[in-house]
Amino acid sequence: SHELAHWTGAVHRLDRTFGQRFGDAAYQMEELVAELAAAQICAVKGVPPTTRHAAYLQSWITLMKADKRAIFTAARHASTAVEFLLAAAQASPVDMRLAA
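Going by our numbering, the first residue of the sequence shown is number 24, and it counts up by one from there.
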């Protein structure tokens with residue numbers, strides 16, 4: 024579900040342009056969006072969530088220290104990604120557990 028959340032960011036889907044380079048602030052934001060979306064998908068579909076490694080967590084802490092609104096921005100984009108994925112799954116049923 025994390026990678027599916029990244030998939031929603033394409034220009035012809037939700038046009039989310041975070042993250043051009045590994046490790047930059049925009050990349051960290053995209054990773055946070057994807058992880059929040061994955062957690063939401065897991066909750067909606069009843070799939071036990073997983074946690075990414077410590078490096079992800081540290082990058083998010085750094086991002087949130089630099090931008091106090093980062094978590095709200097990421098959560099908004101994650102919710103939009105989840106809505107997109109759930110609508111796509113309804114249009115073409117996919118077992119979301121396979122994507123977790």
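A virtual CB, placed ideally from N, CA and C, is assigned to each residue, including glycine.
Counted within 10 angstroms of its Cβ, other Cβ atoms place residue i as buried (16 or more) or exposed
i, result
"E26", "exposed"
"Q113", "exposed"
"S24", "buried"
Distance between residue j and residue i (C-alpha atoms, nearest Å)
i, j, result
"Y50", "I94", "14 Å"
"L55", "A97", "6 Å"
"S82", "H29", "17 Å"
"G32", "R39", "4 Å"
"A111", "G69", "18 Å"
"A127", "P71", "The structure shown does not extend to residue 127, since the chain is modelled only from 24 through 123, so no value can be given for it."
Three-way DSSP call (helix, strand, coil) for residue i in this model
i, result
"L59", "helix"
"A49", "helix"
"T103", "helix"
"T40", "coil"
"T31", "coil"
"K91", "coil"
"V67", "helix"
"S115", "coil"
"S21", "Beyond the ends of the chain as shown, which are 24 and 123, falls residue 21; an answer cannot be given."
Which listed residue (the options) has its alpha carbon closest to that of residue i
i, options, result
"A57", "A101, C65, A111 and F107", "A101"
"S87", "E53, E106 and V34", "Sequence check: residue 87 is Met here, not Ser. Here the closest residue by C-alpha is E53."
"E106", "G69, I64 and R92", "I64"
Whole-angstrom C-beta distance between residue j and residue i, which should lie under 8 Å
i, j, result
"L37", "A104", "6 Å"
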